[in-house]
Structures are given as C-alpha cells and as structure tokens.
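In order, the protein sequences belong to chains B and Z. The opening position of the first sequence corresponds to residue 1 in the numbering used here, with each subsequent residue numbered one higher. The opening position of the second sequence corresponds to residue 135 in the numbering used here, with each subsequent residue numbered one higher.
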Amino acid sequence: MNCDSMNYPLYIRSVPTQGELKFHYTVHTSLDVVEEKISGVGKALADQRELYLGLLYPTEDYKVYGYVTNSKVKFVIVVDSSNTSLRDNEIRSMFRKLHNSFTDVMCNPFYNPGDPIQSKAFDSIVSTMMVQAF
Amino acid sequence: MEDGRMRVKCNFSGDQKFLENGRCVSKLESMGFRVGQGLIERFTKDTPRFKDELDVMKFICKDFWTSVFKKQIDNLRTNHQGIYVLQDNKFRLLTHLSAGKQYLEHAPKFLAFTCGLVRGALSNLGVKSIVTAEVSVMPACKFQVMIQKM
C-alpha cells in the first residue's frame, strides 16, 4: 500500500483479498507513527523505518513496515506475525523494488501524480513480490 | 499548476502576439513542472533524507543541475526568508545563441521550461514555490525561487 504526501492511498493490494478494510485501518494508524518518525529526525539517515504494531489487534498480530521516499510518498507493508520466515533484508529489498517500480510510474507522462496507480507493470511487480514472500 | 507563474520580461508589438506568447510560455512551464516531478523521483531514489529547505536548494543547485545540464549552478544566494537566487553564468540552453543584445528579448522562451522543471522538482520534495527567471547578459541567467508557505 502506498500513500502520497497528503496521505491519500494511491495503491492497495492484499492477499487474501478479503478483509481489505482491516488493512486500510491498520495502515492509516501506522501513518501517524510514520509522520512522527519523519519529523523527529534531524539528521540525514537512510529513509527507511520499521514499525511494529503488535498490540493493535488482540486476536491477530501484524507486523507493519514503513518506508518513506524523499518525495514524501509512504509505502506500507503489513505482514502476519505468524510468518516468521521474512527477514529484515527481504523486507528492505521489497521496499526497494516497490520504490523502483513507483519511480517508473511517476516518470510515465500519462500518469497524473496524485491519481490512483493503474499501471499493469506496477501490478505485476507487486504480484510477483507477494507470491514470493507469502 | 495554477500556483506557478512565469514572468516574461520581453516586449512584443501587438497584443494578440503577446497573449499567444504568454499562453505558450505558461504551457512550456507546466510541461517542465510535470517533467521535474518525474525527474526528482528518479534522482532522489537513493539519496538520504533532506535536512531542511536549504539542503533541498543545494541539491537542486548541485546534483539536479548537473544531471540535467552537466554543470552546477554557479552561485546560490538567499535572504534566509524563503527567497533564493540561482545564478548560472553559462546556461546551456542559451549558449547556442549569440551573446549580446540581439536575442535578449527571446531568451525568456528558453527559460520557461526550466522554471517549470525547478518548480516541479521542489513541489515533489514538499516545497511549494514560484520560480521566475531573468536574463541580463547572455548567456548568464538568474532563477528566482520564492518559497510559498503552505
């Protein structure tokens, strides 16, 4: 899921596809933590943040990872906590791929910044990633 | 795109020609804006986060200008209150025109796209601005960036 600088969602994808609303909520609350983290930092660090929101759901735990680009676009990945096979550097490379793909979408002259992302290339990158990871 | 404006410093005979020229120049500026947005996404993909506004302007003057024009901005001045003046003494798009007064009035046409480029780049970095340009002695030109408080 990624959001632009005004925090409107530009893209959201989940596996399995039911329960998407739940993810919308998780992501929106995580955005507050992201904002807090960006404004708090005074030095030039790598633009990646990791969030852990285990307490949000008493029944199921989710791990929420965040990433913010210099152009204020936020990427959020929500992972089921029972999935312990995903390592930190795998998440990092997922964000890297997402960022690369997003840059391509941005450079597409037919794409209007701020619109929902409808690029097939972006979709396929996300699909491949989700299949590999989950 | 309605918030950016390009002030054209040139004289034209006939209002019709003036209006049409104004429309073309703002179209160029808005094209530059969109390109600037895409370019900055690519250029900042691997750079660390910017500390503040001045850091952003320095990036525009060095890395951004080098990637686009193969040279850096020669001089950056600021009043520390949101106005920056970027001076390029040998602007790439003007070096092919003969130096001197002959084409001075046509120079702004070549600057419109670049003004948009800077405005678009800044906009995607979270900085809202108005960018104007002026030429006094070819091929040197100055870009003035006025930061708008959001």
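Where is the CB? At the ideal position from N, CA and C, for every residue including glycine.
Answer with buried or exposed for residue i, where buried requires no fewer than 16 other C-beta atoms within 10 angstroms of its C-beta.
i	result
residue 45(B)	Note that residue 45(B) scores 41 on pLDDT, short of 50, meaning its location in the model is unreliable; the coordinates nonetheless yield the value given after this. Its Cβ having fewer than 16 others within 10 Å, residue 45(B) is exposed.
residue 173(Z)	buried
residue 57(B)	Per-residue confidence for residue 57(B) stands at a pLDDT of 35, beneath the threshold of 50, marking its modelled position as unreliable; no derived number is given.
residue 99(B)	buried
residue 159(Z)	buried
residue 253(Z)	buried
residue 89(B)	exposed
residue 217(Z)	exposed
residue 120(Z)	Shown here, chain Z extends from 135 to 284; a query on residue 120(Z) therefore has no answer.
residue 222(Z)	buried
residue 209(Z)	exposed
residue 200(Z)	exposed
residue 175(Z)	buried
residue 69(B)	buried
According to DSSP, what are the bridge partners of residue i?
i	result
residue 217(Z)	280(Z)
residue 86(B)	None, per the DSSP bridge assignment.
residue 112(B)	Bridge partners of residue 112(B): none, in fact.
residue 222(Z)	275(Z)
Could you please give the first and the last residue of the uninterrupted beta strand (DSSP E) stretch that includes residue i?
i	result
residue 76(B)	74-80
residue 211(Z)	209-212
Could you give the residue range of the alpha helix (DSSP H) that holds residue i?
i	result
residue 70(B)	Segment: none, residue 70(B) is in no alpha helix (DSSP H) and carries neither H nor E.
residue 176(Z)	149-177
residue 189(Z)	187-193
residue 198(Z)	Neither: residue 198(Z) is in no alpha helix (DSSP H) and is coded neither H nor E.
Using a Cβ-Cβ distance cut-off of 8 Å, determine whether residue i contacts chain B.
i	result
residue 194(Z)	no
residue 171(Z)	yes
residue 220(Z)	no
residue 248(Z)	no
residue 253(Z)	no
residue 86(Z)	Since the first and last residues shown for chain Z are 135 and 284, residue 86(Z) lies out of range.
residue 179(Z)	yes
residue 187(Z)	no
residue 217(Z)	no
residue 225(Z)	no
Under a CB-based cut-off of 8 Å, is residue i close to chain Z?
i	result
residue 72(B)	yes
residue 113(B)	yes
residue 106(B)	yes
residue 128(B)	no
residue 53(B)	In this prediction, residue 53(B) scores a pLDDT of 30, lower than 50, which makes its location untrustworthy; no coordinate-derived value is stated.
residue 99(B)	yes
residue 44(B)	At residue 44(B), the pLDDT of 36 sits below 50, so the modelled position is not reliable; the number obtained from the coordinates is stated separately. So yes, residue 44(B) belongs to the interface.
residue 103(B)	yes
Counting only runs that start and end within the stretch 240-284 of chain Z, where is the beta strand (DSSP E) found for 3 or more residues in a row? 262-268 and 275-282
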